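Quick note: the sequence shown uses my numbering, first residue 742, plus one each step. So the structure is just underneath, and the comments pick up after that.
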Amino acid sequence: MKKSILLILFLTTLLHLTKAQTWRSELYPANWQEPTKANFYSDKLIQDFSYAGYHRGEQEIPVKTQNLVDVTKAPYNADNTGKIDVTNILQKALDDIGAKPGGGIVYLPKGTYQVSPQGQNNYCLLIRHSNVVLRGFGSGHTFIYNASTAMRGKAIIKIDNGNSWATDGTNKQAITSNLMSPTRIIPVQNTAGFKVGDLVIIRNYINNDWVAEHNMLEYWQDKGNNLTGQLYCREIMAINPKTKEITVDIPIRYALKTAHGAAVYKAPAMLTEVGIEDVALGNRQNFTVGDWSEESYNKPANGSYQSHDSWAIAMAQVYNGWIQRVASYTPPGNTSGAHLLSNGIKVWQTKNVSILNCHYKNPQFGGGGGNGYMYRVMGNETLLQDCIAENNRHGFVMSHMTASGNVFYRCLDKNTGRQTGLTGQEKTSGSGSDHHMHFSHSNLFDQCHVENSFFAAGWRKWGGATIHGLTAAHSLYWNLTSIGSQAQAVQTQQGRYGYVIGTSGNKPEVSTAVWQPGTEKVTDPVDHVEGLGNGSSLMPQSLYQDQKSKRLAKVKNSNQQK
742 MKKSILLILF LTTLLHLTKA QTWRSELYPA NWQEPTKANF YSDKLIQDFS
792 YAGYHRGEQE IPVKTQNLVD VTKAPYNADN TGKIDVTNIL QKALDDIGAK
842 PGGGIVYLPK GTYQVSPQGQ NNYCLLIRHS NVVLRGFGSG HTFIYNASTA
892 MRGKAIIKID NGNSWATDGT NKQAITSNLM SPTRIIPVQN TAGFKVGDLV
942 IIRNYINNDW VAEHNMLEYW QDKGNNLTGQ LYCREIMAIN PKTKEITVDI
992 PIRYALKTAH GAAVYKAPAM LTEVGIEDVA LGNRQNFTVG DWSEESYNKP
1042 ANGSYQSHDS WAIAMAQVYN GWIQRVASYT PPGNTSGAHL LSNGIKVWQT
1092 KNVSILNCHY KNPQFGGGGG NGYMYRVMGN ETLLQDCIAE NNRHGFVMSH
1142 MTASGNVFYR CLDKNTGRQT GLTGQEKTSG SGSDHHMHFS HSNLFDQCHV
1192 ENSFFAAGWR KWGGATIHGL TAAHSLYWNL TSIGSQAQAV QTQQGRYGYV
1242 IGTSGNKPEV STAVWQPGTE KVTDPVDHVE GLGNGSSLMP QSLYQDQKSK
1292 RLAKVKNSNQ QK
(Lines of atoms letter the chains of each structure in order from A and count residues from 1; the text may use other names and numbers.)
(Lines give C-alpha, C1' and ligand atoms only; values in the text may rest on other atoms or scores of the structure.)
Protein backbone atom coordinates (compact mmCIF):
# COMPACT_ATOMS: atom_id res chain seq x y z
CA MET A 1 0.00 0.00 0.00
CA LYS A 2 2.82 2.36 0.95
CA LYS A 3 4.53 1.78 -2.42
CA SER A 4 1.25 2.49 -4.25
CA ILE A 5 0.79 5.77 -2.37
CA LEU A 6 4.38 6.78 -3.12
CA LEU A 7 3.87 5.94 -6.81
CA ILE A 8 0.70 8.02 -6.94
CA LEU A 9 2.47 10.93 -5.26
CA PHE A 10 5.36 10.64 -7.72
CA LEU A 11 3.07 10.58 -10.76
CA THR A 12 1.04 13.50 -9.41
CA THR A 13 4.20 15.52 -8.84
CA LEU A 14 5.45 14.62 -12.32
CA LEU A 15 2.13 15.70 -13.83
CA HIS A 16 2.29 19.05 -12.02
CA LEU A 17 5.87 19.56 -13.16
CA THR A 18 4.92 18.75 -16.76
CA LYS A 19 2.02 21.20 -16.62
CA ALA A 20 4.26 23.86 -15.12
CA GLN A 21 6.70 23.48 -17.98
CA THR A 22 4.05 24.19 -20.64
CA TRP A 23 2.64 27.63 -21.34
CA ARG A 24 -0.04 29.35 -23.37
CA SER A 25 0.08 32.64 -25.18
CA GLU A 26 -1.66 35.49 -23.42
CA LEU A 27 -3.50 36.05 -26.73
CA TYR A 28 -4.71 32.44 -26.98
CA PRO A 29 -6.07 31.29 -23.61
CA ALA A 30 -7.79 27.92 -23.20
CA ASN A 31 -11.19 29.63 -23.51
CA TRP A 32 -10.26 31.60 -26.67
CA GLN A 33 -13.16 32.66 -28.87
CA GLU A 34 -13.16 34.21 -32.34
CA PRO A 35 -12.35 37.93 -31.94
CA THR A 36 -15.53 39.18 -33.59
CA LYS A 37 -15.48 42.43 -31.61
CA ALA A 38 -11.77 43.24 -31.81
CA ASN A 39 -10.69 46.24 -33.88
CA PHE A 40 -8.19 45.61 -36.68
CA TYR A 41 -6.87 49.16 -36.37
CA SER A 42 -6.16 49.20 -32.64
CA ASP A 43 -6.30 45.75 -30.99
CA LYS A 44 -4.13 42.68 -30.70
CA LEU A 45 -6.03 39.67 -32.00
CA ILE A 46 -5.50 36.10 -33.05
CA GLN A 47 -7.90 35.25 -35.86
CA ASP A 48 -9.39 31.87 -36.71
CA PHE A 49 -7.05 30.48 -39.38
CA SER A 50 -8.77 27.09 -39.60
CA TYR A 51 -10.62 27.85 -42.85
CA ALA A 52 -7.55 27.39 -45.06
CA GLY A 53 -7.37 24.69 -47.71
CA TYR A 54 -9.64 22.58 -49.86
CA HIS A 55 -13.31 23.06 -48.87
CA ARG A 56 -12.17 24.96 -45.74
CA GLY A 57 -10.72 21.71 -44.37
CA GLU A 58 -14.22 20.24 -44.10
CA GLN A 59 -13.62 17.63 -46.85
CA GLU A 60 -10.69 15.47 -47.84
CA ILE A 61 -9.21 15.85 -51.31
CA PRO A 62 -10.97 13.17 -53.38
CA VAL A 63 -9.18 10.25 -55.01
CA LYS A 64 -10.98 10.38 -58.34
CA THR A 65 -11.18 7.28 -60.53
CA GLN A 66 -13.98 7.93 -63.02
CA ASN A 67 -13.19 8.98 -66.60
CA LEU A 68 -9.49 8.17 -66.35
CA VAL A 69 -7.53 8.28 -69.59
CA ASP A 70 -4.03 6.85 -69.92
CA VAL A 71 -2.22 9.14 -72.35
CA THR A 72 0.15 6.38 -73.47
CA LYS A 73 -2.78 4.40 -74.89
CA ALA A 74 -5.10 5.01 -77.85
CA PRO A 75 -6.27 7.45 -79.02
CA TYR A 76 -3.42 9.54 -77.62
CA ASN A 77 -0.42 7.18 -77.73
CA ALA A 78 1.87 9.73 -76.09
CA ASP A 79 5.60 9.01 -76.10
CA ASN A 80 6.96 8.68 -72.56
CA THR A 81 10.67 8.41 -73.34
CA GLY A 82 11.18 12.17 -73.23
CA LYS A 83 12.58 12.18 -76.77
CA ILE A 84 9.49 13.48 -78.63
CA ASP A 85 7.46 16.60 -77.88
CA VAL A 86 3.98 15.54 -76.75
CA THR A 87 2.58 18.96 -75.80
CA ASN A 88 -0.30 18.89 -78.28
CA ILE A 89 -1.23 15.33 -77.34
CA LEU A 90 -1.37 16.11 -73.61
CA GLN A 91 -3.28 19.33 -74.26
CA LYS A 92 -5.87 17.46 -76.29
CA ALA A 93 -6.30 14.92 -73.49
CA LEU A 94 -6.80 17.73 -70.95
CA ASP A 95 -9.37 19.44 -73.17
CA ASP A 96 -11.18 16.19 -73.99
CA ILE A 97 -11.52 15.29 -70.32
CA GLY A 98 -12.60 18.83 -69.52
CA ALA A 99 -15.43 18.55 -72.05
CA LYS A 100 -16.83 15.40 -70.44
CA PRO A 101 -19.70 15.78 -67.94
CA GLY A 102 -18.05 15.64 -64.50
CA GLY A 103 -14.55 15.86 -65.96
CA GLY A 104 -12.01 13.17 -65.12
CA ILE A 105 -8.32 12.30 -64.84
CA VAL A 106 -5.53 12.66 -67.36
CA TYR A 107 -3.10 9.97 -66.25
CA LEU A 108 0.60 9.99 -67.08
CA PRO A 109 2.18 6.58 -66.28
CA LYS A 110 5.87 6.19 -65.48
CA GLY A 111 8.15 7.95 -67.91
CA THR A 112 9.22 11.35 -69.19
CA TYR A 113 6.90 13.61 -71.18
CA GLN A 114 8.56 16.36 -73.20
CA VAL A 115 6.63 19.64 -73.56
CA SER A 116 7.25 23.22 -74.70
CA PRO A 117 5.15 26.37 -75.28
CA GLN A 118 3.32 26.24 -78.60
CA GLY A 119 3.16 29.36 -80.78
CA GLN A 120 2.47 32.49 -78.69
CA ASN A 121 1.17 30.58 -75.66
CA ASN A 122 2.51 31.64 -72.27
CA TYR A 123 2.32 28.02 -71.07
CA CYS A 124 3.18 24.50 -72.16
CA LEU A 125 -0.03 22.92 -70.80
CA LEU A 126 -3.27 24.67 -69.84
CA ILE A 127 -6.04 23.37 -67.59
CA ARG A 128 -9.03 25.54 -68.50
CA HIS A 129 -11.95 23.34 -67.39
CA SER A 130 -13.28 22.46 -63.95
CA ASN A 131 -13.13 18.90 -62.60
CA VAL A 132 -9.88 18.04 -64.38
CA VAL A 133 -7.04 16.27 -62.57
CA LEU A 134 -3.56 15.79 -64.04
CA ARG A 135 -2.09 12.76 -62.30
CA GLY A 136 1.20 10.91 -62.55
CA PHE A 137 2.50 7.69 -61.04
CA GLY A 138 4.58 9.58 -58.48
CA SER A 139 7.09 12.44 -58.45
CA GLY A 140 9.93 9.92 -58.59
CA HIS A 141 8.48 8.17 -61.63
CA THR A 142 6.49 10.58 -63.83
CA PHE A 143 8.46 13.52 -65.21
CA ILE A 144 7.22 16.47 -67.26
CA TYR A 145 10.25 17.90 -69.02
CA ASN A 146 10.09 21.39 -70.52
CA ALA A 147 12.64 21.43 -73.33
CA SER A 148 12.27 25.16 -74.06
CA THR A 149 14.44 27.81 -72.43
CA ALA A 150 12.43 30.70 -73.96
CA MET A 151 10.18 30.88 -70.89
CA ARG A 152 10.05 34.58 -69.98
CA GLY A 153 6.63 35.16 -68.39
CA LYS A 154 5.54 31.57 -69.08
CA ALA A 155 4.61 28.47 -67.08
CA ILE A 156 5.04 24.76 -67.66
CA ILE A 157 1.48 24.19 -66.40
CA LYS A 158 -1.09 26.96 -66.19
CA ILE A 159 -4.51 26.65 -64.55
CA ASP A 160 -6.61 29.69 -65.39
CA ASN A 161 -9.72 30.88 -67.20
CA GLY A 162 -8.58 34.46 -67.82
CA ASN A 163 -10.94 36.29 -65.46
CA SER A 164 -10.08 38.72 -62.64
CA TRP A 165 -11.49 39.43 -59.19
CA ALA A 166 -10.45 43.06 -59.53
CA THR A 167 -12.91 43.71 -62.38
CA ASP A 168 -16.20 44.81 -60.80
CA GLY A 169 -18.73 42.02 -61.26
CA THR A 170 -22.50 42.00 -61.50
CA ASN A 171 -24.90 43.15 -58.77
CA LYS A 172 -22.36 45.40 -57.10
CA GLN A 173 -23.66 46.58 -53.73
CA ALA A 174 -22.05 49.07 -51.37
CA ILE A 175 -21.26 47.92 -47.84
CA THR A 176 -23.30 50.21 -45.61
CA SER A 177 -21.22 50.42 -42.43
CA ASN A 178 -17.58 50.19 -41.44
CA LEU A 179 -16.42 46.63 -40.72
CA MET A 180 -13.56 46.87 -38.26
CA SER A 181 -13.57 43.27 -36.94
CA PRO A 182 -13.20 39.73 -38.34
CA THR A 183 -16.89 39.34 -39.22
CA ARG A 184 -18.84 37.03 -41.50
CA ILE A 185 -21.92 39.29 -41.55
CA ILE A 186 -21.80 41.88 -44.32
CA PRO A 187 -24.40 44.70 -44.41
CA VAL A 188 -25.21 45.76 -47.98
CA GLN A 189 -27.38 48.28 -49.76
CA ASN A 190 -29.60 45.56 -51.21
CA THR A 191 -29.58 41.76 -50.95
CA ALA A 192 -31.69 41.27 -54.09
CA GLY A 193 -29.83 39.39 -56.80
CA PHE A 194 -27.75 37.34 -54.36
CA LYS A 195 -28.53 33.75 -53.38
CA VAL A 196 -27.07 31.20 -50.99
CA GLY A 197 -24.15 29.44 -52.63
CA ASP A 198 -23.06 32.43 -54.72
CA LEU A 199 -19.37 33.26 -54.75
CA VAL A 200 -18.84 36.97 -54.15
CA ILE A 201 -15.92 39.37 -54.01
CA ILE A 202 -15.82 41.57 -50.92
CA ARG A 203 -13.41 44.43 -51.40
CA ASN A 204 -12.29 48.02 -50.96
CA TYR A 205 -10.45 50.47 -53.22
CA ILE A 206 -7.23 52.10 -52.10
CA ASN A 207 -7.48 55.87 -52.05
CA ASN A 208 -5.31 58.49 -50.36
CA ASP A 209 -7.53 58.35 -47.28
CA TRP A 210 -6.61 54.66 -46.81
CA VAL A 211 -2.96 55.46 -47.51
CA ALA A 212 -2.98 58.28 -44.95
CA GLU A 213 -4.59 56.07 -42.30
CA HIS A 214 -1.65 53.71 -42.75
CA ASN A 215 1.00 56.47 -42.58
CA MET A 216 2.13 55.84 -46.15
CA LEU A 217 1.40 59.14 -47.93
CA GLU A 218 5.11 59.77 -48.33
CA TYR A 219 5.44 56.56 -50.32
CA TRP A 220 2.06 55.52 -51.75
CA GLN A 221 0.21 58.77 -52.44
CA ASP A 222 -1.87 58.44 -55.64
CA LYS A 223 -0.71 54.81 -56.02
CA GLY A 224 -4.09 53.26 -55.18
CA ASN A 225 -4.65 51.78 -58.65
CA ASN A 226 -1.36 49.93 -58.40
CA LEU A 227 -2.30 48.54 -54.98
CA THR A 228 -5.72 47.28 -56.23
CA GLY A 229 -7.24 46.79 -52.76
CA GLN A 230 -8.23 44.04 -50.36
CA LEU A 231 -10.04 41.26 -52.25
CA TYR A 232 -11.85 38.49 -50.38
CA CYS A 233 -13.60 35.72 -52.30
CA ARG A 234 -16.37 34.26 -50.16
CA GLU A 235 -19.38 31.95 -50.45
CA ILE A 236 -22.78 33.21 -49.30
CA MET A 237 -24.16 30.96 -46.56
CA ALA A 238 -27.27 32.97 -45.56
CA ILE A 239 -29.21 36.08 -46.59
CA ASN A 240 -31.41 38.30 -44.43
CA PRO A 241 -33.43 40.65 -46.69
CA LYS A 242 -34.99 42.44 -43.69
CA THR A 243 -31.69 43.53 -42.15
CA LYS A 244 -30.02 43.69 -45.59
CA GLU A 245 -27.20 41.41 -44.54
CA ILE A 246 -25.41 38.51 -46.16
CA THR A 247 -23.49 35.92 -44.13
CA VAL A 248 -20.39 34.45 -45.75
CA ASP A 249 -18.38 31.33 -45.05
CA ILE A 250 -15.12 32.94 -43.84
CA PRO A 251 -14.52 36.17 -41.88
CA ILE A 252 -12.97 39.17 -43.58
CA ARG A 253 -9.27 39.49 -42.77
CA TYR A 254 -8.88 43.24 -42.34
CA ALA A 255 -10.99 46.38 -41.90
CA LEU A 256 -13.30 47.53 -44.68
CA LYS A 257 -14.58 51.11 -44.54
CA THR A 258 -17.26 52.94 -46.49
CA ALA A 259 -14.80 55.80 -47.07
CA HIS A 260 -12.71 53.38 -49.13
CA GLY A 261 -15.58 52.25 -51.35
CA ALA A 262 -16.16 48.91 -49.58
CA ALA A 263 -18.49 46.80 -51.73
CA VAL A 264 -19.69 43.31 -52.64
CA TYR A 265 -20.30 41.89 -56.12
CA LYS A 266 -20.68 38.48 -57.70
CA ALA A 267 -17.39 36.77 -58.41
CA PRO A 268 -16.42 36.07 -62.01
CA ALA A 269 -16.61 32.49 -63.26
CA MET A 270 -13.90 30.39 -61.65
CA LEU A 271 -12.54 26.88 -62.00
CA THR A 272 -13.18 24.30 -59.30
CA GLU A 273 -12.18 20.75 -58.37
CA VAL A 274 -8.98 20.90 -60.40
CA GLY A 275 -5.76 19.31 -59.27
CA ILE A 276 -2.21 18.30 -60.14
CA GLU A 277 -0.71 15.34 -58.32
CA ASP A 278 2.15 12.86 -58.28
CA VAL A 279 4.40 14.33 -60.97
CA ALA A 280 7.79 16.05 -61.15
CA LEU A 281 8.48 19.13 -63.26
CA GLY A 282 11.80 20.25 -64.68
CA ASN A 283 13.16 22.90 -67.02
CA ARG A 284 15.99 22.45 -69.47
CA GLN A 285 18.92 24.56 -68.26
CA ASN A 286 19.77 27.70 -70.21
CA PHE A 287 23.42 27.41 -71.29
CA THR A 288 23.86 31.01 -72.46
CA VAL A 289 27.20 32.26 -71.20
CA GLY A 290 26.96 35.72 -69.73
CA ASP A 291 25.54 37.75 -66.87
CA TRP A 292 23.28 36.00 -64.31
CA SER A 293 23.45 38.77 -61.68
CA GLU A 294 20.63 40.71 -59.96
CA GLU A 295 19.48 43.01 -62.80
CA SER A 296 20.70 40.93 -65.72
CA TYR A 297 17.15 39.90 -66.69
CA ASN A 298 16.60 43.30 -68.35
CA LYS A 299 19.04 42.57 -71.21
CA PRO A 300 17.87 40.18 -73.99
CA ALA A 301 21.41 38.90 -74.57
CA ASN A 302 21.46 37.23 -71.14
CA GLY A 303 20.09 33.78 -70.38
CA SER A 304 18.37 35.29 -67.36
CA TYR A 305 16.23 37.39 -69.70
CA GLN A 306 14.43 34.28 -70.98
CA SER A 307 14.29 32.78 -67.47
CA HIS A 308 12.66 35.83 -65.89
CA ASP A 309 9.18 35.37 -64.39
CA SER A 310 8.90 31.75 -65.49
CA TRP A 311 6.98 29.23 -63.40
CA ALA A 312 6.58 25.50 -62.98
CA ILE A 313 2.87 25.92 -62.06
CA ALA A 314 0.78 29.11 -62.26
CA MET A 315 -2.74 28.79 -60.85
CA ALA A 316 -5.39 31.53 -60.89
CA GLN A 317 -9.17 31.85 -60.61
CA VAL A 318 -9.57 28.52 -58.80
CA TYR A 319 -11.58 27.61 -55.71
CA ASN A 320 -11.44 24.21 -54.00
CA GLY A 321 -8.44 22.96 -55.94
CA TRP A 322 -5.14 21.28 -55.06
CA ILE A 323 -1.52 20.58 -55.90
CA GLN A 324 -0.14 17.59 -54.03
CA ARG A 325 2.99 15.46 -54.09
CA VAL A 326 4.46 17.53 -56.93
CA ALA A 327 8.20 18.19 -56.99
CA SER A 328 10.87 19.72 -59.18
CA TYR A 329 13.73 17.61 -60.58
CA THR A 330 17.02 17.95 -62.45
CA PRO A 331 16.52 16.96 -66.10
CA PRO A 332 19.45 14.98 -67.57
CA GLY A 333 21.98 17.32 -69.10
CA ASN A 334 21.50 20.17 -66.61
CA THR A 335 25.15 20.54 -65.65
CA SER A 336 24.47 23.20 -62.97
CA GLY A 337 21.97 20.97 -61.15
CA ALA A 338 19.13 23.37 -61.95
CA HIS A 339 15.59 22.06 -61.51
CA LEU A 340 13.84 25.22 -62.68
CA LEU A 341 14.70 28.26 -64.76
CA SER A 342 13.27 30.52 -62.06
CA ASN A 343 10.10 30.00 -60.00
CA GLY A 344 8.07 27.11 -58.59
CA ILE A 345 4.36 27.49 -57.74
CA LYS A 346 2.30 30.68 -58.00
CA VAL A 347 -1.33 30.93 -56.85
CA TRP A 348 -3.16 34.18 -57.59
CA GLN A 349 -6.77 35.17 -56.90
CA THR A 350 -7.61 31.70 -55.59
CA LYS A 351 -9.86 30.53 -52.76
CA ASN A 352 -9.34 27.43 -50.60
CA VAL A 353 -6.54 25.74 -52.49
CA SER A 354 -4.40 23.05 -50.81
CA ILE A 355 -0.71 22.63 -51.66
CA LEU A 356 0.48 19.48 -49.91
CA ASN A 357 3.77 17.57 -49.70
CA CYS A 358 5.52 19.48 -52.48
CA HIS A 359 9.27 20.03 -52.85
CA TYR A 360 10.86 22.71 -55.05
CA LYS A 361 14.53 23.64 -55.29
CA ASN A 362 17.47 24.81 -57.38
CA PRO A 363 16.34 27.70 -59.62
CA GLN A 364 18.90 28.62 -62.23
CA PHE A 365 18.06 32.33 -61.90
CA GLY A 366 17.16 34.06 -58.65
CA GLY A 367 17.72 37.69 -59.54
CA GLY A 368 15.62 40.82 -59.05
CA GLY A 369 12.16 41.39 -60.45
CA GLY A 370 10.58 38.37 -58.78
CA ASN A 371 12.78 35.36 -59.55
CA GLY A 372 13.87 32.29 -57.63
CA TYR A 373 10.68 32.04 -55.52
CA MET A 374 9.60 28.47 -54.82
CA TYR A 375 6.08 29.26 -53.56
CA ARG A 376 4.39 32.61 -54.21
CA VAL A 377 0.95 33.00 -52.66
CA MET A 378 -1.41 35.78 -53.74
CA GLY A 379 -4.73 34.15 -52.90
CA ASN A 380 -7.21 33.64 -50.06
CA GLU A 381 -7.18 30.83 -47.51
CA THR A 382 -4.48 28.66 -49.11
CA LEU A 383 -3.10 25.75 -47.09
CA LEU A 384 0.55 24.85 -47.67
CA GLN A 385 1.29 21.74 -45.61
CA ASP A 386 4.52 19.74 -45.36
CA CYS A 387 6.07 21.65 -48.27
CA ILE A 388 9.80 22.16 -48.75
CA ALA A 389 11.69 25.01 -50.42
CA GLU A 390 15.41 24.55 -50.85
CA ASN A 391 18.39 26.36 -52.42
CA ASN A 392 16.51 29.39 -53.73
CA ARG A 393 16.26 33.15 -53.39
CA HIS A 394 13.00 33.19 -51.41
CA GLY A 395 11.32 30.00 -50.22
CA PHE A 396 7.77 31.05 -49.28
CA VAL A 397 6.51 34.46 -50.39
CA MET A 398 3.26 36.38 -50.01
CA SER A 399 2.48 39.37 -52.17
CA HIS A 400 -0.30 41.94 -52.52
CA MET A 401 -3.56 42.54 -50.71
CA THR A 402 -5.14 39.40 -52.18
CA ALA A 403 -2.86 37.32 -49.93
CA SER A 404 -4.85 36.76 -46.74
CA GLY A 405 -5.92 33.89 -44.49
CA ASN A 406 -3.16 31.64 -45.83
CA VAL A 407 -1.65 28.95 -43.59
CA PHE A 408 1.87 27.53 -43.90
CA TYR A 409 1.84 24.41 -41.74
CA ARG A 410 4.96 22.30 -41.01
CA CYS A 411 6.83 23.77 -43.97
CA LEU A 412 10.62 23.88 -44.35
CA ASP A 413 12.66 26.67 -45.93
CA LYS A 414 16.30 25.64 -46.33
CA ASN A 415 19.31 27.49 -47.70
CA THR A 416 17.93 30.68 -49.24
CA GLY A 417 19.88 33.37 -51.10
CA ARG A 418 20.97 30.91 -53.80
CA GLN A 419 20.69 30.18 -57.51
CA THR A 420 22.55 27.64 -59.63
CA GLY A 421 23.45 29.96 -62.52
CA LEU A 422 25.92 28.09 -64.71
CA THR A 423 28.25 27.00 -61.92
CA GLY A 424 25.88 25.21 -59.53
CA GLN A 425 26.11 27.51 -56.50
CA GLU A 426 25.76 31.29 -56.72
CA LYS A 427 24.58 33.87 -54.20
CA THR A 428 21.54 36.10 -54.71
CA SER A 429 20.92 39.54 -53.21
CA GLY A 430 17.64 38.52 -51.60
CA SER A 431 17.00 35.69 -49.15
CA GLY A 432 14.50 34.36 -46.63
CA SER A 433 10.76 33.66 -46.68
CA ASP A 434 8.73 36.82 -46.49
CA HIS A 435 5.66 38.94 -46.75
CA HIS A 436 7.14 40.56 -49.80
CA MET A 437 5.07 43.56 -50.82
CA HIS A 438 1.89 45.62 -50.76
CA PHE A 439 0.13 44.66 -47.55
CA SER A 440 -0.49 40.93 -47.61
CA HIS A 441 -2.20 40.40 -44.26
CA SER A 442 -3.60 38.02 -41.67
CA ASN A 443 -1.54 34.96 -42.58
CA LEU A 444 -0.22 32.17 -40.34
CA PHE A 445 3.11 30.33 -40.24
CA ASP A 446 2.58 27.37 -37.91
CA GLN A 447 5.24 24.87 -36.78
CA CYS A 448 7.44 25.86 -39.70
CA HIS A 449 11.21 25.42 -39.85
CA VAL A 450 14.01 27.50 -41.32
CA GLU A 451 17.54 26.28 -41.84
CA ASN A 452 20.08 28.90 -42.96
CA SER A 453 17.14 31.16 -43.70
CA PHE A 454 14.61 33.32 -41.83
CA PHE A 455 11.07 34.68 -41.89
CA ALA A 456 10.31 38.35 -42.49
CA ALA A 457 7.35 40.69 -42.41
CA GLY A 458 9.19 43.99 -42.49
CA TRP A 459 8.75 47.39 -44.10
CA ARG A 460 10.62 47.24 -47.44
CA LYS A 461 12.03 50.13 -49.45
CA TRP A 462 12.53 48.08 -52.63
CA GLY A 463 10.30 47.93 -55.69
CA GLY A 464 9.44 50.12 -58.64
CA ALA A 465 7.22 53.22 -58.73
CA THR A 466 5.07 51.69 -55.98
CA ILE A 467 7.61 50.47 -53.44
CA HIS A 468 6.93 47.31 -51.44
CA GLY A 469 6.42 49.40 -48.30
CA LEU A 470 4.00 47.94 -45.75
CA THR A 471 4.22 44.23 -46.39
CA ALA A 472 2.02 42.80 -43.64
CA ALA A 473 -0.47 43.30 -40.83
CA HIS A 474 -1.90 40.90 -38.23
CA SER A 475 0.18 37.99 -39.52
CA LEU A 476 1.29 35.40 -36.99
CA TYR A 477 4.38 33.21 -36.59
CA TRP A 478 3.52 30.36 -34.21
CA ASN A 479 5.98 27.82 -32.76
CA LEU A 480 8.81 28.23 -35.24
CA THR A 481 12.11 26.34 -35.29
CA SER A 482 15.19 28.09 -36.62
CA ILE A 483 18.66 26.62 -37.06
CA GLY A 484 21.76 27.59 -38.98
CA SER A 485 23.88 30.65 -39.59
CA GLN A 486 21.27 33.42 -39.93
CA ALA A 487 21.00 36.18 -37.31
CA GLN A 488 17.46 35.43 -36.12
CA ALA A 489 14.32 33.41 -36.78
CA VAL A 490 12.01 36.32 -37.63
CA GLN A 491 12.21 39.98 -38.51
CA THR A 492 8.78 41.55 -38.00
CA GLN A 493 7.74 45.16 -38.47
CA GLN A 494 4.09 44.97 -39.47
CA GLY A 495 1.43 47.62 -39.88
CA ARG A 496 -0.91 47.62 -36.87
CA TYR A 497 0.17 44.53 -34.88
CA GLY A 498 2.12 41.47 -35.94
CA TYR A 499 2.83 38.43 -33.77
CA VAL A 500 5.61 35.96 -33.03
CA ILE A 501 4.64 33.37 -30.41
CA GLY A 502 7.06 30.59 -29.50
CA THR A 503 10.43 29.93 -31.13
CA SER A 504 13.07 27.23 -30.74
CA GLY A 505 16.32 25.99 -32.27
CA ASN A 506 19.78 27.50 -32.07
CA LYS A 507 18.58 30.81 -33.58
CA PRO A 508 15.34 31.60 -31.71
CA GLU A 509 15.81 35.38 -31.68
CA VAL A 510 13.24 37.80 -33.12
CA SER A 511 13.98 41.31 -34.35
CA THR A 512 11.34 44.05 -34.22
CA ALA A 513 13.86 46.67 -35.31
CA VAL A 514 13.28 48.51 -38.57
CA TRP A 515 15.18 47.77 -41.76
CA GLN A 516 14.69 51.31 -43.01
CA PRO A 517 15.45 54.09 -40.46
CA GLY A 518 12.51 56.42 -39.95
CA THR A 519 9.77 53.90 -40.69
CA GLU A 520 8.95 53.42 -37.00
CA LYS A 521 6.33 56.15 -37.46
CA VAL A 522 4.69 54.01 -40.17
CA THR A 523 4.52 50.70 -38.33
CA ASP A 524 4.16 51.53 -34.63
CA PRO A 525 3.14 49.91 -32.31
CA VAL A 526 5.93 47.37 -31.94
CA ASP A 527 4.84 43.82 -32.79
CA HIS A 528 3.85 41.30 -30.12
CA VAL A 529 6.58 38.76 -29.22
CA GLU A 530 6.52 36.08 -26.51
CA GLY A 531 8.07 32.72 -25.76
CA LEU A 532 11.49 33.15 -27.37
CA GLY A 533 13.32 29.82 -27.12
CA ASN A 534 10.29 28.15 -25.52
CA GLY A 535 8.38 26.93 -28.55
CA SER A 536 8.75 23.27 -27.61
CA SER A 537 6.55 23.79 -24.53
CA LEU A 538 3.96 26.05 -26.16
CA MET A 539 0.38 24.85 -25.90
CA PRO A 540 -1.09 24.03 -28.30
CA GLN A 541 1.87 23.07 -30.45
CA SER A 542 -0.15 23.79 -33.60
CA LEU A 543 -2.56 26.72 -33.61
CA TYR A 544 -4.01 25.70 -36.99
CA GLN A 545 -4.81 22.15 -35.88
CA ASP A 546 -6.26 23.31 -32.56
CA GLN A 547 -8.53 25.86 -34.21
CA LYS A 548 -9.51 23.43 -36.95
CA SER A 549 -10.50 20.65 -34.56
CA LYS A 550 -12.62 23.05 -32.51
CA ARG A 551 -14.39 24.56 -35.52
CA LEU A 552 -15.05 21.23 -37.23
CA ALA A 553 -16.52 19.88 -33.99
CA LYS A 554 -18.95 22.81 -34.05
CA VAL A 555 -19.75 22.16 -37.73
CA LYS A 556 -20.43 18.48 -36.96
CA ASN A 557 -22.68 19.31 -34.02
CA SER A 558 -24.57 21.87 -36.09
CA ASN A 559 -25.12 19.37 -38.91
CA GLN A 560 -26.37 16.72 -36.46
CA GLN A 561 -28.92 19.14 -35.03
CA LYS A 562 -30.41 19.93 -38.44
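Cβ atoms here follow ideal geometry from the backbone N, Cα and C, with glycine treated the same way. Predicted model, so just to flag it, every value in this text is computed and none were measured.
Relative to D990, the option among N1132, I927, A771, A1068 whose CA is nearest is I927.
The C-beta separation of H1135 from G1173 comes to about 6 Å, placing the pair in contact by the 8 Å criterion. Beta-bridge pairing by DSSP links D1154 to A1130, V1191. Within the model, the alpha-carbon separation for V1267 versus P1249 is close to 18 Å. If you compare the alpha carbons of K913, Q1160, K1102 with that of D1154, the shortest gap goes to K1102. N1061 is classed as buried because its beta carbon has at least 16 other beta carbons within 10 Å across all chains shown. Counting along the chain, the unbroken beta strand (DSSP E) around S1245 starts and ends at 1240 to 1245.
Beta-bridge partners of R1159 (DSSP): K1168.
Check the Cα spacing between N808 and each of A815, Q800, T777, V873: the tightest is with V873. Put simply, of K895, D1032, P858 the residue whose alpha carbon is nearest the alpha carbon of G1044 is D1032. Under DSSP, I838 takes part in no beta bridge, so it has no partner.
Nearest in C-alpha terms to G823, of all of K851, E1131, N1039, G1146, is K851. DSSP links H1176 through a beta bridge to M1139.
Less than 8 Å divides the Cβ of S1048 from the Cβ of L1082.
DSSP places Q914 within a strand segment (E or B) once states are collapsed to three. Per DSSP, reduced to three states, the secondary structure at L1279 is strand. Scanning L1124, V1030, T890, I802 for the CA closest to the CA of Y1285 turns up L1124. In this structure, DSSP gives V1030 a state outside helix and strand, which the three-state scheme calls coil.
The C-beta of T890 has 16 or more other C-beta atoms within 10 Å across all chains shown, which makes the residue buried.
R994 is positioned such that its CB atom lies closer than 8 Å to that of G1146. Rounded to whole angstroms, the Cβ separation of V1191 and S1223 is 5 Å, and the two are in contact under 8 Å. The Cβ atoms of H1215 and H1182 sit closer than 8 Å to each other. By a beta-carbon distance limit of 8 Å, M1139 contacts H1176. Their separation comes to about 5 Å.
Secondary structure at E801: coil, using DSSP grouped into helix, strand and coil. The region 852 to 864 makes no contact with the region 796 to 811, as fewer than three CB pairs between them are under 8 Å. For L958, the enclosing alpha helix (DSSP H) begins and ends at 958 to 961.
For the set R1201, V1255, F1196, E1261, the Cα lying nearest the Cα of Q1229 is the one of F1196. For the pair L920 and L997, the CB atoms are nearer than the 8 Å cut-off.
Membership of K899 in the beta strand (DSSP E) is indicated by the continuous run 896 to 900. Look at the beta carbons and you see the region 1064 to 1071 touching the region 1079 to 1096: at least three pairs across the two are nearer than 8 Å.
T911 has its alpha-carbon roughly 18 Å from the corresponding atom of T917. Bridge pairing for Y848: D811, R876 [DSSP]. Residue environment analysis places E1122 among the buried positions, since at least 16 neighbouring C-beta atoms fall within 10 angstroms of its C-beta.
One alpha carbon belongs to P923, the other to Q800, and they sit about 24 Å apart.
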